[in-house]
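Counted the way the numbering used here counts, the sequence shown spans residues 7 to 191. Ideal placement from N, C-alpha and C gives every residue a C-beta, glycine not left out. Note that the structure is predicted; figures quoted are calculated from it, not measured. What follows is a short report on a single structure.
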Amino acid sequence: MISAGDFRNGITLEIDGQVVQILEFQHVKPGKGAAFVRTKLKNVINGGVVERTFRPTEKFPAARIDRVDMQYLYSDGDLYNFMNVENYDQIALNSDLVGDALKFVKENEMVKVCSYNGSVFSIEPPLFVELEVTDTEPGFKGDTATGASKPATVETGAQISVPLFVNIGDKVKIDTRTSEYLGRA
Numbered sequence: 007m008i009s010a011g012d013f014r015n016g017i018t019l020e021i022d023g024q025v026v027q028i029l030e031f032q033h034v035k036p037g038k039g040a041a042f043v044r045t046k047l048k049n050v051i052n053g054g055v056v057e058r059t060f061r062p063t064e065k066f067p068a069a070r071i072d073r074v075d076m077q078y079l080y081s082d083g084d085l086y087n088f089m090n091v092e093n094y095d096q097i098a099l100n101s102d103l104v105g106d107a108l109k110f111v112k113e114n115e116m117v118k119v120c121s122y123n124g125s126v127f128s129i130e131p132p133l134f135v136e137l138e139v140t141d142t143e144p145g146f147k148g149d150t151a152t153g154a155s156k157p158a159t160v161e162t163g164a165q166i167s168v169p170l171f172v173n174i175g176d177k178v179k180i181d182t183r184t185s186e187y188l189g190r191a
């Protein structure tokens, strides 16, 4: 059990039957009245963010989130297939559950599959990936006023914004959290 006075960023708890992660917390001691803890909580199952306050003595059970490294095998219609590389168990997840998590992930790459009590709720792609540019407009000489960029399509089909000097066939490094170009690979 974790008391509200011991809250830290990133801790995952069960509150009112929901699994939440603490995004922000602040201990408040007003001039009048009792102290309290103001928090911003993210529901890890549906992604909703709420703000709540607690008394410092309130206690909540810690939630155990399992993150398993799995290999993304292939997609088959609305199903995405993954394999645990340690015991070779395979699972198929619905496209509603996967969402945009795999937009920068090629087949046979490793991802983290997050589950709570055996129920998978999200996929975490690697933080940085290196992909080949498959389609982009050519950059024109003298078109570089201030950090000009152009749209490009990478080999997974995702669209990103790249500098003008990037051409078709170049390998680029991408931050999967922000869909941002980081440099040539």
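#1: For Gly16, I'd like the list of residues in its chain whose CB is within less than 7 angstroms of its CB, leaving aside the five on either flank, ordered along the chain.
#2: Taking Asp102 as part of the alpha helix (DSSP H), name the residues at either end of that continuous run.
#3: With the cut-off set at 7 angstroms, would you say Glu130 and Lys118 are in Cβ contact?
#4: Taking C-beta to C-beta, are Phe60 and Val43 nearer than 7 angstroms?
#5: Can you tell me whether Leu85 is buried or exposed, with buried defined as 16 or more other CB within 10 angstroms of its CB?
#6: Just the Cα atoms here: how many angstroms apart are Ala41 and Gly11?
#7: Relative to the C-alpha of Ser125, which candidate in Asp72, Ser167 and Tyr80 has its C-alpha closest?
#8: Look at the Cβ atom of Leu188, then the Cβ atom of Asp181, and state whether they are nearer than 7 angstroms.
#9: Are the CB atoms of Lys179 and Glu136 within a distance shorter than 7 angstroms?
#10: Can you give the Cα-Cα distance for Asn173 and Leu99, rounded to whole angstroms?
#11: Select from Ser128, Asp176 and Gln32 the residue whose C-alpha is nearest the C-alpha of Gly53.
#12: So Asn90 is in the beta strand (DSSP E); what residue range does that whole segment cover?
#13: Determine the contact status of Ala69 and Val25, defining contact as a CB-CB distance below 7 angstroms.
#14: Could you spell out the range, first to last residue, of the beta strand (DSSP E) harbouring Leu19?
Well, looking at it:
#1: Gln27 and Ile28
#2: Counting along the chain, the alpha helix (DSSP H) containing Asp102 begins and ends at Ser101 to Val104.
#3: Yes, the Cβ-Cβ distance between Glu130 and Lys118 is below 7 angstroms.
#4: Cβ distance < 7 angstroms, so Phe60 and Val43 count as in contact.
#5: exposed
#6: 10 angstroms
#7: Asp72
#8: yes
#9: yes
#10: Cα-Cα distance, rounded: 35 angstroms.
#11: Ser128
#12: Leu85 to Asn90 is the extent of the beta strand (DSSP E) around Asn90.
#13: One thing to note: Ala69 has its Cβ within 7 angstroms of the Cβ of Val25.
#14: Thr18 to Ile21
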